[in-house]
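Just so you know, the protein sequences line up as chains A and B, in that order. FYI, the working numbering numbers position 104 of the first sequence as 104, with every residue one higher than the one before it. Converting from the second sequence to the working numbering requires adding 1000 to each position, the first position being numbered 1.
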Amino acid sequence: MSTSWSTTDKATSRPSAPGPSDDLRRKRRAAKVRRLRTGLPGLLLVAPALAFYGVFVLRPLAATVQYSFYEWNGISTATWAGVDNYVRLLTDPDLLGPILNALQLIIYFSFVPVVFGVIAAAIIRKMGASRLAGISRTVLFLPQVIPLVAAGIMWTWLLATDGAVNQVMRVIGLDGLTRAWLGDFDTALPAVGVIGAWVNVGLCMLLMLAGMTKVDPSLYEAARLDGAGPIREFVSVTLPAVRQELGVAIIITVISALRSFDIIFISTQGGPGSSTMVPGLEIYYLAFFEREIGQASALAVALTVLVLIVVLPLNRLTRSDSDS
Amino acid sequence: MNTTARELWTGRILLIVVMAVTIVPFVSLFITALHPPGTYPPGLALPEEFHWNNFLLAFEAANMGALLQSSFIIELGVVPVAILIATLAGFALGHLNVPFKRTLFIIFVLGLTLPFEGIIVPLYYQMREYGLLNTQLAIILPLIGLFMPFAVMWMRAHFVNMPQELSEAARMDGASTWQLFWRVHVPLSRPAIASLAILLFLWTWNQFLLAIVLVDDPEKRTMAGALGAFQGQWGTDIPLLCAGSLLILTPTLIVFLVFQRQFVAALLQGAVKG
């Protein structure tokens, strides 16, 4: 944090004398007015950003909460529904299913890429400034910059009945296992998960690499001298150093799992059945096709809260030691 | 072979495998795009002759000229405005005495985790109320608002680290707040602003949800939104679809490869500070 506001902080937290006199109170009020006046240019500079954020984010957010207590088809008058929409959210399997699917996607969108990212980063760090290390850093990041829609289209084709995945499996003699990966009830969700993992690996790798380059190389030498193998070295030297970056990687990828929309919209549209339905897509269908605005909004509120519930505890990981 | 050499080789091989898995989808997309249009080519097979013409066909089928124009209108509406107002706010919150500074900052930070799906429904009705549905403004205005949490946090993190003495010296010379900002701080913040601009450019280009909900006409959408419509229309013509996808994703790859260094630094810094 900066030192710039320490002066104002001191002014507000000054311990008050027992039984403040009128004089003191007047002085304080004068200080407050002065502070507001000197702060005015600052407030003016924040105003445009706050206005856009307020009108196009906070206002609709409040409206989502409001809608969620009504039954409304978007045309006729809305009727008060109390917590009905929320009750249905917890009891209707069609609405609970997408939430469970999203939680399951965390394994593929977050856990898998974080593990691969850590391994890839550990390997790249060892290679130092070699050419392969530089190239791999660029290559692994490519899926992160293209539109998710394009990633969805690519992988829909790869995972199709005649796609490259099945082709490779036939070559290595796994004919019996080939199938339309995205069209099979048992494999559709993991198949969608693979797309997410493919997208997220590069980001995790780069974050981990950034953390690892901060580690003092002499620590590794010391570990080696103590006879630590690569795994031991990783657990006791690398992992503690990258805690902050690890936290960030987990947060970003978990959010990407919970709010997944683009990839699934393109590759499965939630099917087959509702085996890959996720909250984002369900909100879209409910609001714009089934015209159940209230129910869609309740799900939107639940999704927003779910993200916060998952992310806030993870946030502790990202605090550096100096903060705690 | 000693242990370190073996480790090194295992590492290299693992890395090459991971790279191959990353690259194969791109290669598959490219090879498929070269097959005769309307066919259903098997997996990774090379076509008998390369149909480079597919890129031209996809360009025409998707009306790519109009798409590019629409995308640039949206980029020009979003990126400069978002950068300007986020820089102003970041400067004030990071460097000036602003009343309720902490509260204001926390309000912005809370928006960081907000899923766009959380507000898309009321946003639709809000845009309808403003009469903006099916115009580029319906994407531009909300996107600026949605970028504020990250952009303000990003610029604030930059300005917090600017030495206070610098501003004090400028004040001594009689600079007003605006002069201090525009003449002293903005020129010194070019790298931070440039990185933010690259990120916002890509996020706008790739924005899908707002585009498909708020704008029906694919020719008034972002690139990613238009690609969604293109898939709906040409989804059965696999080579053409692949060619179209390549046309739409290539600019993002070019931007990334050209600005790679800045881009990666930006993302890491932003992510860790966030």
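We put the CB at the ideal spot given by N, CA and C, even for glycine.
Shown in chain order are the members of the stretch 57-82 of chain A whose Cβ falls below 9 Å from a Cβ of chain B: V57, L58, R59, P60, L61, A62, A63, T64, Q66, Y67, G74. Not one beta carbon of chain A lies nearer than 9 Å to the beta carbon of P1037 (chain B). Between A1033 (chain B) and S1245 (chain B), the C-beta spacing is below 9 Å. Under the 9 Å criterion on CB atoms, I1073 (chain B) is classed as non-interfacial with respect to chain A. With a contact defined as Cβ atoms closer than 8 Å, W181 (chain A) and P1025 (chain B) miss out at about 14 Å. Counting along the chain, the unbroken alpha helix (DSSP H) around K126 (chain A) starts and ends at 112-127. In the three-state scheme derived from DSSP, where H, G and I count as helix and E and B as strand, T1087 (chain B) is classed as helix.
Fewer than three Cβ pairs drawn from the stretch 1131-1144 of chain B and the stretch 1100-1108 of chain B lie within less than 8 Å of each other, which leaves the two stretches out of contact. In this structure, DSSP gives T79 (chain A) an extended state, which the three-state scheme calls strand. The beta-carbon separation of I266 (chain A) and Q1231 (chain B), rounded to 6 Å, stays under the 8 Å limit for a contact. Within chain A, the residues placing a beta-carbon under 9 Å from that of Q1126 (chain B) are V55, F56, R59, P60, A63, ordered along the chain. One alpha carbon belongs to L148 (chain A), the other to V301 (chain A), and they sit about 24 Å apart. At a cut-off of 9 Å, the C-beta of M127 (chain A) has a neighbouring C-beta in chain B. Classified as exposed, P1187 (chain B) has fewer than 16 neighbouring CB atoms from the shown chains inside 10 Å of its CB. At a cut-off of 9 Å between beta carbons, S297 (chain A) contacts chain B.
Restricting attention to A:D175, A:R316, A:T318, A:V307, the CA atom closest to the CA of L103 (chain A) is found in A:V307. In this chain, the alpha helix (DSSP H) harbouring M154 (chain A) covers 148-158. Counting along the chain, T304 (chain A) sits inside the alpha helix (DSSP H) bounded by residues 293-318. The alpha carbon of S76 (chain A) has as its nearest neighbour, out of A:G294, A:L209, A:T304, A:I309, the alpha carbon of A:G294. Residue-level contact by beta carbon holds for M154 (chain A) and chain B, with a gap shorter than 9 Å. Annotation: the continuous alpha helix (DSSP H) that includes L1241 (chain B) extends over 1238-1258. Two segments are said to touch when three or more pairs of C-beta atoms, one from each, lie closer than 8 Å; by this definition the stretch 1110-1130 of chain B touches the stretch 254-262 of chain A.
Residues of chain B whose Cβ lies closer than 7 Å to the Cβ of G42 (chain A) are, in chain order, A1092, L1096, N1097, V1098. In the structure shown, E71 (chain A) adopts extended strand secondary structure according to DSSP, grouped into three states. In the structure shown, R1221 (chain B) adopts coil according to DSSP, grouped into three states.
Residue burial annotation: V114 (chain A) is buried, with at least 16 other C-beta atoms found within 10 angstroms of its C-beta.
L1143 (chain B): member of the alpha helix (DSSP H) spanning 1137-1160, first to last residue. The beta carbon of I252 (chain A) sits closer than 6 Å to no other beta carbon from its chain once the five residues preceding and following it are set aside.
Leaving aside the five residues that flank V1098 (chain B) on each side, the residues in its chain whose CB is nearer than 6 Å to its CB run, in chain order, A1092. Under the three-state reduction of DSSP output, L182 (chain A) falls in the helix class.
Rounded to the nearest angstrom, the Cβ distance from A1058 (chain B) to L1240 (chain B) is 5 Å, consistent with a contact under 8 Å.
Annotated three-state conformation of M169 (chain A) is helix, per DSSP. By the criterion of a C-beta distance shorter than 6 Å, R1156 (chain B) is surrounded in its chain by G1090, L1093, G1094, once the five residues flanking it on both sides are discounted. Taking a Cβ-Cβ cut-off of 8 Å, the neighbours of I1085 (chain B) in chain A comprise P48, A49, F52, given in sequence order.
In terms of beta-carbon proximity, I172 (chain A) stays away from the interface with chain B, with every pair separated by 9 Å or more. Scanning its chain for C-beta atoms nearer than 6 Å, with the 5 sequence neighbours on each side dropped, one finds around T1087 (chain B) the residues M1155, in chain order.
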